[in-house]
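Enquirer: Order-wise, the sequence lines are chains R and Z.
First residue of the first sequence: 1, per UniProt numbering; consecutive thereafter.
First residue of the second sequence: 1, per UniProt numbering; consecutive thereafter.
Cβ atoms here follow ideal geometry from the backbone N, Cα and C, with glycine treated the same way.
Model, not experiment: these values are computed from the prediction.
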Amino acid sequence: MLKILKYSFYDLMRSRWSYVYFAFYLLLGILLLFLNNDLSKAVITLMNVIIVLVPLIGAIFGVMYYYNSKEFTELLLAQPLKRSSIFLGQYLGVALSLSVSLIIGLGIPFVFYGLFKSNAIWDFSLLLITGTFLTLIFTALAFNIALSNENKIKGFGYAILLWLFLAIIYDGLFLMTLIMFEDYPLDKLSLVGTMLNPIDLSRTLILLKLDISALLGYTGAIFKQFFGTNFGLIVSFTTLIVWVILPVLRIVFKSKKKDF
Amino acid sequence: MKHILAFLLIFFTTSIGFAQLIEVCETCPISKIKQAIAQASNNDTIVVAKGNYKEYDIIVDKPLTILGKDYPVIDGELKGEIITIKSDNVTIDGLFLINVGMSYTEDFAAIRVKKSKNFVIQNVVLEKLFFGIYLEKSSYGKVFHNKIIGDAVQEYSSGNGIQLWHSNHIGIEQNHVQNVRDGIYLEFSDDCTIKNNFSAENLRYGLHFMFSNDDIYQDNTFENNGAGVAVMFSKNIKMYNNIFKENWGTASYGLLLKEINDAEIIGNTFEENTIGINTEGSNRVVYKNNDFIGNGWAIKVRGACYANQFIENNFLYNSFDIAYNSKVNDNVFNNNYWSNYTGYDLDKDGIGDVPYRPVKLFSYIVNRTPETIILLRSLFIDIIDFSEKVSPVFTPDNLLDNNPLTRRNTW
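And the structure:
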């Protein structure tokens, strides 16, 4: 598995797309910092971008990579290799190269700007951690979609739909549920609703760390009480990890059964 | 000429004879302030030299001037009230009062003025206090250039810096109040002027009005208080050129208006407060030439606010400009500058050609169901805000600024 991982990783690291992705974050970081001059405000703007863009890129890129390397995969399948290690290796190769682009691309401008001397370092690390998690989650989901759909167009469609659902539609449904049940105490419901969607969970985790959390008022206080404790942090990171593990398990399961 | 000179000479010697100078110091024959007051006659001046005086319950019951030289320390040893003024025409100047007693049943103050007129309290420094300067049914006095530094931790076990109760025509100027419960508190006090004060880090409010009418406060700075300034159940209050800054926290605001009628809020700056102005049941209030910069909510309008005018203000980079919780709008917004305005100005007259809607759909939803705030900064919210902007359904459709400026207001 490690060998395949290494191969996919180096292959991707040499590809044009990771350079574009890397350059995009580098430019974004530089632009934000040198136009804004305020580290914590830059973190908020970055959060907006990361929460929307990272899942989208993860989903699309994962599907794309799977379809593109399909012939190579079939070649590998002819070798005496475990199926799970082939697909896991490919998955990890994609996810890691995307994460590396994200971390280094954003990291360089921030480090040059003087991140280590600033208080924003924890906010920033949280941003990178959640960004990495989102990459892992959405790439895994993308591999699932690609494994289940032979048709490329259908696969891309589902990937975009998945992103659309988790990034936008889910919030709409969530909002409607909250408004429908406004006569009841909503603290637990809103907590659970946030926990279930990795994008919402990441957004809340970052927002609560920033000054802007004072805007959340009473609800924010409840959330802070929950996420501020070790228990809350452990629960939310566990949720994120479960969001990674479940699709990965399905990759293993599906790839074993799939007829090529 | 000679006669006049002689007359003047006699006049001055006799008047000096009237107003004697009594000196108090640690080694003098008179080493206690109480002693000095007992010996003094009306209109005398008591000069307190530098030193440490352990005294409390000093009662000033005749018109005197008590003057501290180089800030003598009067230590109340936490036993009770330090100075109580019960006479008209008293001046207290240049003392350092420390260790006021704390009680749950009595409001001990460093200096209490009781049913007196024409008093002056100036250049006094108060530390380790319960209540600072407490004016009770007194009028025509002046509280000038004092420094009050408390160490309040809990609201229920701390007092206010400067408190007025049934006191009219008081001037409060150039005081510095910090770390007490309410910086300055007015209850049933009319026609007072509060000017050039600095009130910060107080547990509750920087300035607090209750049932006080016709007061004016201007050029004050309120910074980082529990909740800024609260003006409640008062009429005809004028608020000019104050700075409300960094009142940031889940239940904080710059200015709270509750049941306020006919007030004027002009030329103030609201910067980085969770809520700039929170207004409820306030009518005929004029908001003019104010700057709202970087607040969470610039103005939150709760129920029953009618005939208010918001004219020529600057709304810069607030998360929400206006929050409204009803569909009825009887307030006027005109000629404001909104940094979120995206319209155009074809005829270049400085007024945007498209009206601006200051209430976002999300702020309306949050007002209805507060828990939905957890969706702040979600992509979905941006989308519905945009669609509401294009065709308003939920927000009051006459709530708009018909003449939004394209350039920042200057005055």
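Mind checking whether Z/SER41 and Z/SER87 have CB atoms under 8 Å apart?
Expert: Against a cut-off of 8 Å, the Cβ pair of Z/SER87 and Z/SER41 comes out as no contact.
Enquirer: Tell me which same chain residues have a C-beta within less than 6 Å of the C-beta of Z/LEU97, skipping the five on either side of it?
Expert: Counting only Cβ-Cβ distances below 6 Å, and skipping sequence neighbours, we find ILE74, ILE82, ALA110, LEU126.
Enquirer: For Z/ASN325, I'd like the list of residues in its chain whose CB is within less than 8 Å of its CB, leaving aside the five on either flank, ordered along the chain.
Expert: Excluding positions up to five away in sequence, the list reads VAL301, ARG302, GLY303, TYR364, ASN367, ARG368.
Enquirer: Output the boundary residues of the beta strand (DSSP E) element that contains Z/ILE322.
Expert: Run containing Z/ILE322: 320 to 324, per the beta strand (DSSP E) assignment.
Enquirer: Name the residue from Z/SER138, Z/LYS79, Z/VAL143, Z/VAL100 whose alpha carbon lies nearest to the alpha carbon of Z/GLY94.
Expert: Minimum Cα distance to Z/GLY94 is reached at Z/VAL143.
Enquirer: When the cut-off is 8 Å and only beta carbons count, does Z/GLY296 lie next to chain R?
Expert: Yes, Z/GLY296 lies at the interface with chain R (some Cβ there is under 8 Å from its Cβ).
Enquirer: Please state whether the Cβ-Cβ distance between R/ALA142 and R/VAL63 is less than 8 Å.
Expert: Contact: yes.
Enquirer: Taking the alpha-carbon positions, what's the Z/GLY17 to Z/GLU23 distance?
Expert: Only weak support is given to the placement of Z/GLY17: the predicted model assigns it a pLDDT of 48, under 50, and the value that follows is read from those uncertain coordinates. Answer to the nearest angstrom: the Cα atoms are 15 Å apart.
Enquirer: Just verifying my parser: in three-state terms, what is the DSSP assignment at Z/VAL143?
Expert: DSSP places Z/VAL143 in strand when its eight states are reduced to three.
Enquirer: Check R/LYS209 in the structure and name its three-state DSSP category.
Expert: Residue state, collapsed to three classes: helix.
Enquirer: Alpha carbon to alpha carbon, how far is R/PHE181 from Z/ARG284? Give it in angstroms, no decimals.
Expert: About 36 Å.
Enquirer: Please state the DSSP three-state secondary structure of Z/THR14.
Expert: Because the pLDDT of Z/THR14 is 48, which lies under 50, any placement of that residue in the model is unreliable, and the number read from its coordinates should be weighed accordingly. Z/THR14: helix per DSSP, three-state reduction.
Enquirer: Scan the stretch 370 to 383 of chain Z for residues whose Cβ lies nearer than 8 Å to a Cβ of chain R and list them as they occur along the chain.
Expert: Here the close residues are PRO370, GLU371, THR372, ILE373, ILE374, LEU375, LEU376, ARG377, SER378, LEU379, PHE380, ILE381, ILE383.
Enquirer: Between which residues of its own chain and R/LEU208 is the CB-CB distance below 8 Å, once the five residues before and five after are set aside?
Expert: Cβ within range, chain order: LEU216, GLY220, PHE223, LYS224, PHE227, GLY228.
Enquirer: Are Z/ASN314 and Z/PHE333 closer than 8 Å when you measure CB to CB?
Expert: Their beta carbons are not under 8 Å apart, which means Z/ASN314 does not touch Z/PHE333 by this criterion.
Enquirer: Under the rule that 16 or more other beta-carbon atoms within 10 Å means buried, what is R/ALA23, buried or exposed?
Expert: Exposed, because fewer than 16 other Cβ atoms sit within 10 Å of the Cβ of R/ALA23.
Enquirer: Using the C-alpha atoms, what's the distance from R/ILE104 back to R/ALA95?
Expert: For R/ALA95 and R/ILE104, the distance between alpha carbons rounds to 14 Å.
Enquirer: List the residues of chain R whose Cβ lies closer than 7 Å to the Cβ of Z/SER319, in chain order.
Expert: Correct list: LEU215.
Enquirer: Taking 8 Å as the CB-CB cut-off, is R/ALA221 touching chain Z?
Expert: With 8 Å as the cut-off, R/ALA221 counts as an interface residue toward chain Z.
Enquirer: Using DSSP with H/G/I as helix, E/B as strand and the rest coil, what is R/PHE260?
Expert: Reduced to three states, the DSSP call for R/PHE260 is coil.
Enquirer: Work out the CA separation of Z/GLU264 and Z/MET239 for me, nearest whole Å.
Expert: The straight-line gap from Cα to Cα measures roughly 6 Å.
Enquirer: According to DSSP, Z/ASP401 sits in a beta bridge with which residue or residues?
Expert: DSSP, once it has assigned bridges, lists Z/TYR356 as partnering Z/ASP401.
Enquirer: For R/PHE260, count the other beta carbons within 10 Å of its own beta carbon; 16 or more makes it buried, fewer makes it exposed. Which is it?
Expert: With fewer than 16 Cβ atoms within 10 Å of its Cβ, R/PHE260 is classed as exposed.
Enquirer: Closer than 8 Å by C-beta to Z/ARG407: which residues in its own chain qualify, once you throw out the five before and the five after it? Chain order, please.
Expert: These residues qualify, in order along the chain: TYR337, GLY350.
Enquirer: Evaluate R/VAL244 with the Cβ neighbour count: other Cβ atoms within 10 Å of its Cβ, from every protein chain shown; 16 or more gives buried, anything less gives exposed.
Expert: Buried, because 16 or more other Cβ atoms sit within 10 Å of the Cβ of R/VAL244.
Enquirer: Closer than 6 Å by C-beta to R/TYR65: which residues in its own chain qualify, once you throw out the five before and the five after it? Chain order, please.
Expert: Taken in chain order, the residues that qualify are VAL94.
Enquirer: Check whether the Cβ of Z/LEU78 sits closer than 7 Å to any heavy atom of the ligand ZN, and report yes or no.
Expert: In terms of ligand content, the structure shown is empty, and the ligand ZN therefore cannot be addressed.
Enquirer: Run the CB neighbour count on Z/LYS360, radius 10 Å, all protein chains shown included, and call it buried at 16 or more, exposed below.
Expert: Label assigned to Z/LYS360: buried.
Enquirer: Verify the CB distance criterion: does Z/THR410 have a CB-CB separation below 8 Å to chain R?
Expert: By this cut-off, Z/THR410 is not an interface position.
Enquirer: To the nearest angstrom, how far is the alpha carbon of Z/ILE322 from that of Z/LYS288?
Expert: The straight-line gap from Cα to Cα measures roughly 15 Å.
Enquirer: So Z/ILE148 packs on Z/VAL180, CB below 8 Å; how close in whole Å?
Expert: About 7 Å; that satisfies the 8 Å criterion.
Enquirer: In or out: Z/LYS245 buried (at least 16 other Cβ within 10 Å) or exposed?
Expert: Classification for Z/LYS245: buried.
Enquirer: Taking DSSP as the reference, what is the three-state secondary structure of Z/VAL120?
Expert: It is a strand residue.
Enquirer: Roughly how far, in whole angstroms, is the beta-carbon of Z/ASN242 from the beta-carbon of Z/GLN218, given that I think they are within contact range, below 8 Å?
Expert: Between Z/GLN218 and Z/ASN242 the Cβ distance is about 7 Å, and since that is below 8 Å, they are a contact.
Enquirer: Leaving out the 5 sequence neighbours to the left and right, which residues in its chain are closer than 8 Å to R/VAL248 when beta-carbon positions are compared?
Expert: Counting only Cβ-Cβ distances below 8 Å, and skipping sequence neighbours, we find LEU88, TYR91, ALA140.
Enquirer: CA-CA distance, R/LEU106 and R/PHE112?
Expert: The straight-line gap from Cα to Cα measures roughly 11 Å.
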